[in-house]
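A.B. asks: Take 4 as the starting number for the sequence shown in our numbering and just add one per residue.
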Amino acid sequence: MSALPGGRTYDVADPEAALKYAIQHHAGSRVQIVEGVLEPMRTEWDHETMADDIRCQLFGKVREMGCVMGAGDLDLPGSSNWYIPDIAVVPRALSKGGAALLPDQTLLVVEVTSDSNADTGRVVKRRRYAEYGAPLYLLIDRQDRACTLFSEPGALGYTRAVGPLPFGEPIELPEPFGLRVDTSGF
């Protein structure tokens, strides 16, 4: 056993725990793990503009629901994955304490594709978010200029998809959100 700050311990023979501990304490930029590969989090301004537009549209409803949204850590236990979504909406009570959350503790996960790793959001993260129970996954695909909302997660993936809808077409978020996301600014 090895000691961690705060008196916690982890089994040094557990590579998943060691890897996830290491990225949480990586100096400098934030890092996520996608299928065992370290990915530094770098985004272009176009990417950030789309994520900001979504945040602005969700803000009032998220507050009304007693939730928060952000880019906090999501752990996928039993796998070599540690994600940092562009946006995750979670109940405020779960956001306290600084720990990573699980995808099934979210109400919505939003990923905006980047030029360097668009297939990660389209394929890998979509499959893993479903496997780990994220109820809603909104993919903003900058390269294909389309949005897709995935819902009804299962072990083999999402069983329902709305889209891809071209930028400019609104996308309806079901309850508990019950709102229309305007994509005309994308």
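Quick reminder that beta carbons are idealized off the backbone N, C-alpha and C, glycines included.
1. Would you decide whether Cys150 is buried or exposed? Buried here means 16 or more other CB atoms lie within 10 Å of its CB.
2. State the DSSP-derived secondary structure class of Pro167, mapped to helix, strand or coil.
3. Which runs of the alpha helix (DSSP H), 4 residues or longer, sit entirely within the segment 44-101?
4. Does the structure place the segment 51-67 close enough to the segment 79-88 that three or more beta carbon pairs sit under 8 Å?
5. Exposed or buried, which one is Glu42 when buried takes at least 16 other CB atoms within 10 Å?
6. Pull up the distance between the alpha-carbon of Asn120 and that of Thr52, whole angstroms please.
7. Straight-line CA distance for Tyr132 to Pro106?
8. Does DSSP classify Arg131 as helix, strand or coil?
9. Does the beta-carbon of Phe62 have 16 or more other beta-carbons within 10 angstroms, so that it is buried, or is it exposed?
10. Please state whether the Cβ-Cβ distance between Val71 and Arg95 is less than 8 Å.
11. Does the distance from the CB of Leu79 to the CB of Val93 come in under 8 Å?
12. Measure the C-alpha to C-alpha separation of Glu155 and Glu175 and round it to an integer number of angstroms.
13. If we count the other Cβ atoms within 10 Å of its Cβ and call it buried at 16 or more, is Thr162 buried or exposed?
14. Given that a residue counts as buried once 16 or more other Cβ atoms are within 10 Å of its Cβ, and exposed if not, what is Glu178?
15. For Ala164, I'd like the list of residues in its chain whose CB is within less than 6 Å of its CB, leaving aside the five on either flank, ordered along the chain.
16. Apply the 10 Å Cβ neighbour rule to Gly100 and answer buried if 16 or more other Cβ atoms are within range, or exposed otherwise.
17. Leaving aside the five residues before and after Leu97 along the sequence, list all residues of the same chain whose C-beta is less than 8 Å from its C-beta, in chain order.
18. Let me check understanding here. Comparing Cα to Cα, which of Phe180, Arg148, Asp185, Phe189 lies closest to Met68?
C.D. replies: Put simply:
1. The residue given as residue 150 occupies position 147 in the sequence shown. Per the 10 Å Cβ criterion, buried.
2. Residue 167 sits at position 164 when you count from the first residue of the sequence shown. Reduced to three states, the DSSP call for Pro167 is strand.
3. Secondary structure in the segment 44-101: the alpha helix (DSSP H) runs of 4 residues or longer, each lying completely within the stretch, are 48-67, 95-98 in chain order.
4. no
5. Position 39 of the sequence shown, counted from the start, is the residue given in the question as residue 42. With 16 or more Cβ atoms within 10 Å of its Cβ, Glu42 is classed as buried.
6. Taking the sequence shown and counting its residues from 1, the one referred to as residue 120 is at position 117. Taking the sequence shown and counting its residues from 1, the one referred to as residue 52 is at position 49. Using only the alpha carbons, I get a separation of about 18 Å.
7. Counted from its first residue, the sequence shown places residue 132 at position 129. Counted from its first residue, the sequence shown places residue 106 at position 103. Roughly 6 Å between the two C-alpha positions.
8. Start at 1 with the first residue of the sequence shown, and residue 131 comes out as number 128. Note: Arg131 maps to helix in three-state DSSP.
9. Here the question's residue 62 lines up with position 59 in the sequence shown. Classification of Phe62: exposed, given that the 10 Å Cβ count is below 16.
10. By one-based count along the sequence shown, residue 71 stands at place 68. By one-based count along the sequence shown, residue 95 stands at place 92. Yes. Within cutoff.
11. As a position in the sequence shown, residue 79 is number 76, starting the count at 1. As a position in the sequence shown, residue 93 is number 90, starting the count at 1. Not in contact: Leu79 and Val93 (Cβ atoms no closer than 8 Å).
12. Residue mapping note: residue 155 aligns to position 152 of the sequence shown, counting from 1. Residue mapping note: residue 175 aligns to position 172 of the sequence shown, counting from 1. Taking the straight line joining both Cα atoms gives about 15 Å.
13. Translated into the one-based positions of the sequence shown, residue 162 becomes position 159. By the neighbour-count rule (16 or more Cβ atoms within 10 Å), Thr162 is not buried but exposed.
14. Against the sequence shown, residue 178 aligns to sequence position 175. Classification for Glu178: exposed.
15. Walking along the sequence shown from the start, residue 164 turns up at place 161. The answer, listed in chain order, is Thr151, Phe153.
16. The count along the sequence shown starts at 1 and reaches residue 100 at position 97. Label assigned to Gly100: exposed.
17. Along the sequence shown, read from residue 1 onward, the residue named residue 97 stands at position 94. Closer than 8 Å at Cβ, skipping near neighbours: Leu104, Gln108.
18. Residue numbering aside, residue 68 sits at position 65 when the sequence shown is read from its first letter. The option with the nearest alpha carbon to Met68 is Phe180.
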